[in-house]
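Protein chains in written order, with the working numbering: chain A, 1 to 380; chain B, 381 to 780. Just so it is clear, CB atoms sit at the ideal spot from N, CA and C, and this is done for glycine as well. Values in this document were obtained by computation on a predicted structure and should not be read as measured data. This report refers to the structure that appears directly beneath it.
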Amino acid sequence: MTFFDQACRIARTRREFLQDAASIAIGATAARSPFARAAALPKNRKVVVITFGGGARDQETFAPEGQENVPNMLRDLIPRATFFTQVVNRGILGHYVATASLATGAYETINNFASLPPENPTVFEYYRKDRKRPSSDTWVVAPSNGFNRIGESSHKSYGPGFGARVILPKHLLSAAMSSGHADYEHLLRDNYESPYFTPDLAGNEFELQQLESLLKLSVDDFKTNARTLSSPDELSVYIARRLMKQVAPSLLWITMHDIDIAHAGTYSLYVEGIRRTDRLCSEIWKAIENEPEYAGNTTILILPDFGRDADTDPGGNGFQHHRTGDALSRTTWLIAMGPGIREGVVHDRAVDSLDLVPTIGSMLGFSASHSPGKPITEIL
Amino acid sequence: MQPGDLKPEQFNAYPPQAKGLVTANLAVFRELPLSFLPGVLREAIDYDYKFPAERRALEQEIANLAKLSPSERSQWLQGFAKISTSSKLEHLDWVNSPAQFVEQLSAHLWTTHQLDAFRIAATDYADRLHAAVPPQVPKVPRLGIAVIGQGVDSYDKPLFRKLRPHGAYFSRVTPENGLRALLDATAARAKETTTQYSHWYIDGGNPIEHDAAITSIAYGSLEPARTAILRNMHSEIERPGMGPEMLRTLMAGWRPEDLGVKSTDPVLDRFQVRLLTEGSGTQIFSTSFTQWAAREALRRAEPATLLVRFAPRQRLKPMNELISPGGERPELDPFGSLVDADMGAYYNWLNQQRLPGADKSAFLAWFEGHNAAVVIGPSVPRGTESNAPTDMKQLLSWVL
Numbered sequence: 001m002t003f004f005d006q007a008c009r010i011a012r013t014r015r016e017f018l019q020d021a022a023s024i025a026i027g028a029t030a031a032r033s034p035f036a037r038a039a040a041l042p043k044n045r046k047v048v049v050i051t052f053g054g055g056a057r058d059q060e061t062f063a064p065e066g067q068e069n070v071p072n073m074l075r076d077l078i079p080r081a082t083f084f085t086q087v088v089n090r091g092i093l094g095h096y097v098a099t100a101s102l103a104t105g106a107y108e109t110i111n112n113f114a115s116l117p118p119e120n121p122t123v124f125e126y127y128r129k130d131r132k133r134p135s136s137d138t139w140v141v142a143p144s145n146g147f148n149r150i151g152e153s154s155h156k157s158y159g160p161g162f163g164a165r166v167i168l169p170k171h172l173l174s175a176a177m178s179s180g181h182a183d184y185e186h187l188l189r190d191n192y193e194s195p196y197f198t199p200d201l202a203g204n205e206f207e208l209q210q211l212e213s214l215l216k217l218s219v220d221d222f223k224t225n226a227r228t229l230s231s232p233d234e235l236s237v238y239i240a241r242r243l244m245k246q247v248a249p250s251l252l253w254i255t256m257h258d259i260d261i262a263h264a265g266t267y268s269l270y271v272e273g274i275r276r277t278d279r280l281c282s283e284i285w286k287a288i289e290n291e292p293e294y295a296g297n298t299t300i301l302i303l304p305d306f307g308r309d310a311d312t313d314p315g316g317n318g319f320q321h322h323r324t325g326d327a328l329s330r331t332t333w334l335i336a337m338g339p340g341i342r343e344g345v346v347h348d349r350a351v352d353s354l355d356l357v358p359t360i361g362s363m364l365g366f367s368a369s370h371s372p373g374k375p376i377t378e379i380l
Numbered sequence: 381m382q383p384g385d386l387k388p389e390q391f392n393a394y395p396p397q398a399k400g401l402v403t404a405n406l407a408v409f410r411e412l413p414l415s416f417l418p419g420v421l422r423e424a425i426d427y428d429y430k431f432p433a434e435r436r437a438l439e440q441e442i443a444n445l446a447k448l449s450p451s452e453r454s455q456w457l458q459g460f461a462k463i464s465t466s467s468k469l470e471h472l473d474w475v476n477s478p479a480q481f482v483e484q485l486s487a488h489l490w491t492t493h494q495l496d497a498f499r500i501a502a503t504d505y506a507d508r509l510h511a512a513v514p515p516q517v518p519k520v521p522r523l524g525i526a527v528i529g530q531g532v533d534s535y536d537k538p539l540f541r542k543l544r545p546h547g548a549y550f551s552r553v554t555p556e557n558g559l560r561a562l563l564d565a566t567a568a569r570a571k572e573t574t575t576q577y578s579h580w581y582i583d584g585g586n587p588i589e590h591d592a593a594i595t596s597i598a599y600g601s602l603e604p605a606r607t608a609i610l611r612n613m614h615s616e617i618e619r620p621g622m623g624p625e626m627l628r629t630l631m632a633g634w635r636p637e638d639l640g641v642k643s644t645d646p647v648l649d650r651f652q653v654r655l656l657t658e659g660s661g662t663q664i665f666s667t668s669f670t671q672w673a674a675r676e677a678l679r680r681a682e683p684a685t686l687l688v689r690f691a692p693r694q695r696l697k698p699m700n701e702l703i704s705p706g707g708e709r710p711e712l713d714p715f716g717s718l719v720d721a722d723m724g725a726y727y728n729w730l731n732q733q734r735l736p737g738a739d740k741s742a743f744l745a746w747f748e749g750h751n752a753a754v755v756i757g758p759s760v761p762r763g764t765e766s767n768a769p770t771d772m773k774q775l776l777s778w779v780l
């Protein structure tokens, strides 16, 4: 069986499940006039991207046996979304480099573990330069400290001055907690492949004092709230909601990372991470619906950065890693919902993960000129 | 350097038996592509510390490569020959550090989008090798045993969901003396076929009394080594410029003597240290250690019997506890460990079924101290359930 045979089989499994579970239609048989959709689009459109990370397999999410882990998305999002069953990532399957590839629309080849900017222009740079938007209009919220360079590329035509603001909530929390005497460096350890490694930070990250000025949040209140949250992704969503309320960026990118605990080899913690991320995705959509700046004019795009190795691939160790490059580790899904996007529709044609940035470009009115990806017309 | 430039003296740092193996086959090694040879050397450099099954497989593979005519060899390895390497890779000391080379080759394959081509080449080569050198079937059909759920009083969710379709599920197993019966069965098999490293008992906690003929390792017994590894990791991470890849390379070089592991069996000592230095999460979580140890024992030693008993791992502290004072001693998480072990038992079975003689192999998984078990074997009907009263000896009698 070839890679693409396997990918197609995976996609069919997802679609059969979704049709059974949520009574949704097949995209190809339920077309609607693009003129009607265009007329319905709001002028002040916003986009929120969530990477359902790091690395979740089909069988723990939308395959029949995985449905118990994603009840919130299944109940609250899927019936109102267009769902793509087959998003193929042909790049390097490391979380930073893969997320950077999603954000640039080009397969990046930077060292996954180094503090380096992407080499191709990011979606934030395209948007800000083409639409002359201020830095406050594009934000990245990333629980993993290794993602601090993702907002701005090293590309000579873009780069410094055009990137997104980056917020690393866990880094902020560590800084806030360490203002006393205790050492909270352990909070920054998020590389589950090497659990004691803490990356050095360098770049355009958000400083502690800006909590007060931008987010209207005192350090004490931040610490108090953090004490009620069980994971870095929960902290990220808390900060993202605060950003939406106080700053209301047009392009907000949230990377989740709790699921990557799978590298520790503990299946229960991996599944727990998926369930938490499922709940948080639903909470973000509810926040969008309840925020006046976002309600009715926001498109949300949710996709894993990639999958994880198949149980049956002898080169891997199942869910634990994403090292084999097999079909299951490369094939994921995409949920798209918002104004103008058809509800309860499934498409099983292959979409490339590089198509995300050109699609956002078509939504927000910029050209992703350095991306080889193609806009996903079904959601435009 | 290219393989064609190899000279015998370059292998002076190899352990004695490894050096003998490599230098005796240098002529054929010089003909192999750079994308392939370090993979063979990575195995060969550890020859002195390998299990008998691994030694035999490596010897047969090298003998087969030597037996091929130049045109046949070229055909077998054409996929590897098409992989382009880099001058950086060529300048690495791949003779003395083949594992580091393979790791960097992997990164190169990802970066240059050659990973799929490499996979195809590797699969093609493995298929040819299996056809030319059929793997050795065990003298007795293999038996795998997984004991899960230690410390869990009650659990109302279904267990063994992934294993049940492949065998029979029993819901009324008498739990009394169940573990003893499994250990006795393992010991009896060890007395029947006495080949070294053929019968294993892996415990995720502290080992219980067992027959000396059984090869045994336990997470609990390795606590001093785990403490030393974590201390070394902390210390290395403080060094400027240290990153995950460098740390992994460094850890791969740690030897039993570096970590205070010393017994009368250097092969087993090396195996245990590898579990802790190369496995991910094995230093911290007992369930990860146990599953990885079983996987590596199956892959490397190809045992005829493998009894694996999972134990509760430490609980992962949620973030809010990490930022609050108190509770220094890690608690255990029996329920999470049961879920881990349920999946681990499935992986043990999958890994066992990858070995020769899979069609005759048997597998038994049991919820320790409870009534649920699943049995898989050639004579056991698939996807069936039984609520008839039974005990461990009877379950074993159906697959042995």
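One question on the structure: do Val247 (chain A) and Ser135 (chain A) come within less than 8 angstroms of each other, judged by their Cβ atoms?
No, these two residues do not count as a Cβ contact at 8 angstroms.
Check the Cβ of His322 (chain A) against every Cβ in chain B and list those closer than 8 angstroms, keeping chain order.
What His322 (chain A) touches in chain B: nothing, since even the nearest Cβ is about 11 angstroms away.
Tell me Ser777 (chain B)'s beta-bridge partners as DSSP assigns them.
Partner(s): none; Ser777 (chain B) has no beta bridge.
Less than 7 angstroms separating the Cβ of Asp348 (chain A) from some heavy atom of the ligand FAD?
Inclusion of the ligand FAD in the displayed structure is not the case, the ligand content being empty and no account of it being possible.
Short check: CB of Thr82 (chain A) to CB of Ile341 (chain A), under 8 angstroms?
Their beta carbons are under 8 angstroms apart, which means Thr82 (chain A) touches Ile341 (chain A) by this criterion.
Please confirm whether Arg242 (chain A) and Leu269 (chain A) have their CB atoms less than 8 angstroms apart.
No; because the gap between Cβ atoms is not below 8 angstroms, this pair is not in contact.
What is the DSSP secondary structure of Leu412 (chain B), counted as helix, strand or coil?
In the structure shown, Leu412 (chain B) sits in coil (DSSP, three-state: anything other than H, G, I, E or B).
Proximal residues to Gln484 (chain B) (C-beta, below 7 angstroms), its chain only, five neighbours per side dropped:
If we look at Gln484 (chain B) and ignore the five residues flanking it on each side, its Cβ neighbours are Leu469 and Leu472.
Mind reading off the beta-carbon distance from Gly53 (chain A) to Val357 (chain A)? Whole number of angstroms is fine, and I expect it under 8 angstroms.
Taking 8 angstroms as the upper bound for CB-CB distance, Gly53 (chain A) and Val357 (chain A) are not in contact here, some 17 angstroms apart.
Under a three-way DSSP split, which group does Gly296 (chain A) fall into?
Reduced to three states, the DSSP call for Gly296 (chain A) is coil.
May I have the straight-line CA-CA distance separating Leu656 (chain B) from Glu68 (chain A), to the nearest angstrom?
The straight-line gap from Cα to Cα measures roughly 33 angstroms.
Looking only at DSSP bridge pairs, what is Gln694 (chain B) linked to?
DSSP lists B:Leu712 as partners of Gln694 (chain B).
With a CB to CB cut of under 8 angstroms and the five nearest residues on each side skipped, what residues in its chain are close to Met73 (chain A)?
Closer than 8 angstroms at the Cβ level, and outside the excluded window around Met73 (chain A), lie Asp278, Cys281, Ser282, Ile302 and Ile335.
Please report the distance separating the alpha-carbon of Lys129 (chain A) from that of Val49 (chain A).
Spanning the two alpha carbons is a distance of roughly 19 angstroms.
Check whether the stretch 435-447 of chain B touches the stretch 344-352 of chain A, taking contact to mean three or more Cβ pairs, one atom from each stretch, closer than 8 angstroms.
No, the stretch 435-447 of chain B does not touch the stretch 344-352 of chain A.
Cβ atoms of Leu775 (chain B) and Ile525 (chain B): under 8 angstroms apart, would you say?
For Ile525 (chain B) and Leu775 (chain B), no; Cβs fall outside 8 angstroms.
Hey, would you say Pro232 (chain A) sits closer than 8 angstroms to Asp258 (chain A), going by beta carbons?
Yes, Cβ-Cβ distance for Pro232 (chain A) and Asp258 (chain A) is below 8 angstroms.
Own chain, CB closer than 6 angstroms to Thr122 (chain A), minus 5 neighbours either side, in chain order:
Apart from the 5 residues on each side of it in sequence, Thr122 (chain A) sits with its Cβ closer than 6 angstroms to the Cβ of Ala103, Thr104 and Ser153 in its chain, given in chain order.
Using three-state DSSP, classify Ala745 (chain B) as helix, strand or coil.
It is a strand residue.
Just the Cα atoms here: how many angstroms apart are Ala433 (chain B) and Ala424 (chain B)?
If I take the Cα positions, the gap works out to 13 angstroms.
Just to confirm the assignment, what range does the alpha helix (DSSP H) spanning Ile284 (chain A) have?
Ile284 (chain A) -> alpha helix (DSSP H) spans Tyr267 to Asn290.
Using CA atoms only, rank isn't needed, just tell me which of A:Pro304, A:Ala327, A:Ile300 and A:Asp305 is closest to Asp311 (chain A).
Among A:Pro304, A:Ala327, A:Ile300 and A:Asp305, the Cα nearest to that of Asp311 (chain A) is on A:Ala327.
Just to check my reading of the structure: Pro97 (chain A) and Ser353 (chain A) have Cβ atoms closer than 8 angstroms, yes? What is that Cβ distance to the nearest angstrom?
According to the sequence as given, residue 97 (chain A) is Val; it is not Pro. Between Val97 (chain A) and Ser353 (chain A), the beta carbon gap of about 12 angstroms keeps them out of contact (Cβ cut-off 8 angstroms).
Could you give the C-beta distance for Gly27 (chain A) and Glu378 (chain A), rounded to a whole number, given that I count them as a contact under 8 angstroms?
Sure, about 6 angstroms apart at Cβ, within 8 angstroms.
Look up Asp24 (chain A) in the DSSP assignment and say whether it is helix, strand or coil.
Reading off the sequence, residue 24 (chain A) comes out as Ile, not Asp. Ile24 (chain A) falls in the coil class under three-state DSSP.
Taking CB distances under 8 angstroms as the criterion, tell me whether Lys399 (chain B) reaches chain A.
For Lys399 (chain B), the answer is no, since every Cβ of chain A falls outside 8 angstroms of its Cβ.
CB contact below 8 angstroms: Thr331 (chain A) versus chain B
No, Thr331 (chain A) lies away from the interface with chain B (no Cβ there is under 8 angstroms from its Cβ).
Does the stretch 723-737 of chain B come close enough to the stretch 668-688 of chain B to have 3 or more Cβ pairs within less than 8 angstroms?
The answer is yes - the stretch 668-688 of chain B touches the stretch 723-737 of chain B, with three or more Cβ pairs under 8 angstroms.
Ile597 (chain B) versus Asp638 (chain B) - alpha carbon distance
Distance between the alpha carbons of Ile597 (chain B) and Asp638 (chain B) is about 19 angstroms.
Buried or exposed (CB count within 10 angstroms, at least 16 for buried), Pro478 (chain B)
Under this definition Pro478 (chain B) is a buried residue.
Could you tell me whether any Cβ in chain A is nearer than 8 angstroms to the Cβ of Tyr599 (chain B)?
It does not: the Cβ of Tyr599 (chain B) has no partner Cβ on chain A nearer than 8 angstroms.
Same chain, Cβ closer than 8 angstroms to Ala31 (chain A), neighbours up to 5 away in sequence not counted
Bear in mind that a pLDDT of 47 at Ala31 (chain A), under 50, signals an unreliable position, so the number given afterwards is only what the model happens to contain. Counting only Cβ-Cβ distances below 8 angstroms, and skipping sequence neighbours, we find nothing.
Taking the continuous beta strand (DSSP E) assigned at Glu765 (chain B), which residues delimit it?
That run of the beta strand (DSSP E) goes Thr764 to Ser766.
Supposed contact pair Ser230 (chain A) and Met699 (chain B) - C-beta distance, whole angstroms, cut 8 angstroms
That belief holds up - the Cβ atoms of Met699 (chain B) and Ser230 (chain A) are roughly 6 angstroms apart, short of 8 angstroms.
Taking just the CA atoms, how far does Met177 (chain A) sit from Phe222 (chain A)?
Straight-line Cα distance between these residues: approximately 10 angstroms.
Run the CB neighbour count on Pro34 (chain A), radius 10 Å, all protein chains shown included, and call it buried at 16 or more, exposed below.
Residue placement at Pro34 (chain A) cannot be trusted, given a pLDDT of 48 that sits under 50; the coordinates are not used to answer.
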